[in-house]
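Sequence order for the protein chains is A and B.
Each residue of the first sequence is one higher than the one before, starting from 690 at the first, in the numbering used here.
Each residue of the second sequence is one higher than the one before, starting from 11 at the first, in the numbering used here.
Every residue gets a Cβ at the ideal spot worked out from N, C-alpha and C, and that includes glycine.
Have a look at the structure below before the remarks.
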Amino acid sequence: ETGVTQSPTHLIKTRGQQVTLRCSSQSGHNTVSWYQQALGQGPQFIFQYYREEENGRGNFPPRFSGLQFPNYSSELNVNALELDDSALYLCASSDQGKETQYFGPGTRLLVL
Amino acid sequence: LAKTTQPISMDSYEGQEVNITCSHNNIATNDYITWYQQFPSQGPRFIIQGYKTKVTNEVASLFIPADRKSSTLSLPRVSLSDTAVYYCLVGMVDRDDKIIFGKGTRLHILP
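Printed below as a string of structure tokens:
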């Protein structure tokens, strides 16, 4: 059973650019959640996808968008990057209706 | 999801038992209690989950009183490698539900 993987591990962008982060869910999991974690803070929920549809969203602007594919992998897209978007972006997979989430190692994004 | 309150930080020594308590006064009937551990620059790792009374696994124990308004994560005989941030979550990963991590408890194990 493979765990949750994310790519890339690190990324540097400049303000105004766009970025796409990728996540492969754990085998057998149909739900993917994305989180943003600033330094010294707990993870902040961005949104969740279940069977290719958005299934809940946190307090993030529309420039944060996502996709889930038929194989349950997922992408997080951020447009018009701002300096405050610099953070660790975490992906977690789970089975819908189960409370346990399995997190990937994260993507460290730096916006200059 | 029910809001949770945990101590911001704790210190302990190697070989000691560490108990971290989480308050969740607004827990709902169907809510489970889940604890995660996070090391720097890594994703959180599931430790333990419970609904009531006591749950034990190879890593930790979770104690939940009858009113379920709090829970205590117990780590037996901690080592330096247990230095991490510990998060308590309450609720269901469900449709239209926000998943809320607090700031967690920074546990520092001293030699």
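Output the boundary residues of the beta strand (DSSP E) element that contains A/Gln725.
-> Within the first sequence, numbered from 1, the residue matching residue 725 of chain A stands at position 36. In this chain, the beta strand (DSSP E) harbouring A/Gln725 covers 720-726.
Report yes or no: is there a C-beta of chain A within less than 9 Å of the C-beta of B/Thr44?
-> Position 34 of the second sequence, counted from the start, is the residue given in the question as residue 44 of chain B. Yes, contact with chain A.
Could one say the Cβ of B/Ser71 lies closer than 9 Å to chain A's Cβ atoms, at least one of them?
-> The count along the second sequence starts at 1 and reaches residue 71 of chain B at position 61. No - not a single Cβ of chain A is within 9 Å of the one on B/Ser71.
Could you check which residue in B/Gln52, B/Leu117, B/Ile110, B/Val28 has the C-alpha nearest to that of B/Thr44?
-> Numbered from 1 along the second sequence, position 34 holds the residue referred to as residue 44 of chain B. For the residues B/Gln52, B/Leu117, B/Ile110, B/Val28, the minimum Cα distance to B/Thr44 belongs to B/Ile110.
Interface flag, A/Leu801 vs chain B, CB-CB below 9 Å | For the purposes of this step, residue 801 of chain A is taken as residue 112 along the first sequence, with counting starting at 1. With 9 Å as the cut-off, A/Leu801 does not count as an interface residue toward chain B.
Contact under 9 Å by Cβ, B/Gly101 with B/Tyr42 | Working through the second sequence from its first residue, we reach residue 101 of chain B at position 91. Working through the second sequence from its first residue, we reach residue 42 of chain B at position 32. Yes, Cβ-Cβ distance for B/Gly101 and B/Tyr42 is below 9 Å.
If I'm right that A/Phe736 touches A/Glu743 with Cβ under 8 Å, what's the distance once you round it to whole angstroms?
-> Position 47 of the first sequence holds residue 736 of chain A. Position 54 of the first sequence holds residue 743 of chain A. About 6 Å; that satisfies the 8 Å criterion.
In whole angstroms, what separates the C-alpha of B/Arg105 from that of B/Thr115?
-> As a first step, residue 105 of chain B must be located in the second sequence, where it is residue number 95. As a first step, residue 115 of chain B must be located in the second sequence, where it is residue number 105. Only weak support is given to the placement of B/Arg105: the predicted model assigns it a pLDDT of 44, under 50, and the value that follows is read from those uncertain coordinates. Using only the alpha carbons, I get a separation of about 28 Å.
Secondary structure of A/Ser696, DSSP reduced to three states | For the purposes of this step, residue 696 of chain A is taken as residue 7 along the first sequence, with counting starting at 1. Under the three-state reduction of DSSP, A/Ser696 is assigned to strand.
Chain B contacts made by the region 758-781 of chain A, where a contact means CB separation under 9 Å = Residues of the region 758-781 of chain A with a C-beta less than 9 Å from any C-beta of chain B: Leu777, Leu779, Cys780, Ala781, listed in chain order.
Range of the contiguous beta strand (DSSP E) that encloses B/Thr31 = Against the second sequence, residue 31 of chain B aligns to sequence position 21. For B/Thr31, the uninterrupted beta strand (DSSP E) segment begins and ends at 28-33.
Under 9 Å between beta-carbons, which chain A residues line up against B/Arg55? List them in chain order, please.
-> By one-based count along the second sequence, residue 55 of chain B stands at place 45. Proximity of chain A to B/Arg55 at the Cβ level (cut-off 9 Å) is accounted for by Tyr791, Phe792, in chain order.
Cα-Cα separation between A/Leu801 and A/Val708, rounded to whole angstroms | Within the first sequence, the letter at position 112 stands for residue 801 of chain A. Within the first sequence, the letter at position 19 stands for residue 708 of chain A. The straight-line gap from Cα to Cα measures roughly 13 Å.
Taking the Cβ atom as the reference point for each residue, do B/Pro54 and A/Pro732 lie within a distance shorter than 9 Å?
-> Within the second sequence, numbered from 1, the residue matching residue 54 of chain B stands at position 44. Within the first sequence, numbered from 1, the residue matching residue 732 of chain A stands at position 43. Between B/Pro54 and A/Pro732, the C-beta spacing is below 9 Å.
Contact list for A/Gly731 against chain B, beta-carbon separation under 7 Å = Within the first sequence, the letter at position 42 stands for residue 731 of chain A. From the beta-carbon of A/Gly731, the residues of chain B found nearer than 7 Å are Tyr97, Phe111, Gly112, Lys113, Gly114.
Classification of A/Leu799 by the beta-carbon crowding that lies within 10 angstroms, buried from 16 upward | Here residue 799 of chain A refers to the residue found at position 110 of the first sequence. If you draw a 10 Å sphere on the C-beta of A/Leu799, you find fewer than 16 other C-beta atoms in it, and that means exposed.
Proximity test, Cβ basis, 9 Å: B/Ser51 and chain A | Residue mapping note: residue 51 of chain B aligns to position 41 of the second sequence, counting from 1. B/Ser51 counts as touching chain A.
Neighbour flag for A/Phe753 against chain B, beta carbons, 9 Å | Here residue 753 of chain A corresponds to residue number 64 of the first sequence, with the count starting at 1. It does not; no Cβ of chain B falls within 9 Å.
A/Gln706 and A/Tyr791: beta carbons closer than 9 Å?
-> Stepping through the first sequence from its first residue, residue 706 of chain A is reached at position 17. Stepping through the first sequence from its first residue, residue 791 of chain A is reached at position 102. Contact flag unset, no.
Helix, strand or coil at A/Leu801 [DSSP, three-state] | For the purposes of this step, residue 801 of chain A is taken as residue 112 along the first sequence, with counting starting at 1. Note: A/Leu801 maps to coil in three-state DSSP.
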